[in-house]
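Engineer:
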Amino acid sequence: MSRAHNLQDPFLNILRKDRIPVSIYLINGIKLQGQIESFDQFVVLLRNSVNQMVYKHAISTVVPSRAVQLPRFNPQNPDEELDADDAVAIDTATD
């Protein structure tokens, strides 16, 4: 059986490893800012002046402060990453 590829984990992991500042918007409209310290299946730990544990089900949007390069995956083999030339850029620039 083919396993679906998870985009969420690589995205959050790049933000964590590169210490990219993020704005996290909750479904109630509250905006949180900081760096992603860690994450698991259910929560994101956000670090700013204090550490905050944010439940993923409460998150509407995660906006990085700069563009992020996500690896592309082979649809026939989700475990295989394609070349860096095939990376997907996510541009988060706002006017």
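First residue of the sequence shown: 20, per the numbering used here; consecutive thereafter.
For glycine and all other residues, C-beta sits at the position ideal for the given N, C-alpha and C.
Might you give, ordered along the chain, the residues of its own chain that have their beta carbon closer than 8 Å to the beta carbon of Tyr77, omitting 5 neighbours on each side?
Structural biologist: For clarity, residue 77 is Ala in the given sequence; the question names Tyr instead. Leu45, Ile46 and Asn47.
Engineer: Once DSSP output is grouped into helix, strand and coil, what is the label at Gln71?
Structural biologist: Gln71: strand per DSSP, three-state reduction.
Engineer: Sort out for me which residues DSSP pairs Phe78 with in a bridge.
Structural biologist: The question names Phe, yet the displayed sequence has Ile at residue 78. Per DSSP, Leu45.
Engineer: Considering only the beta carbon of each residue, do Val82 and Phe30 sit closer than 9 Å?
Structural biologist: No, the Cβ-Cβ distance between Val82 and Phe30 is not below 9 Å.
Engineer: Could you check the C-alpha separation between Val73 and Glu56 for me, to the nearest Å?
Structural biologist: Those two C-alpha atoms are separated by around 11 Å.
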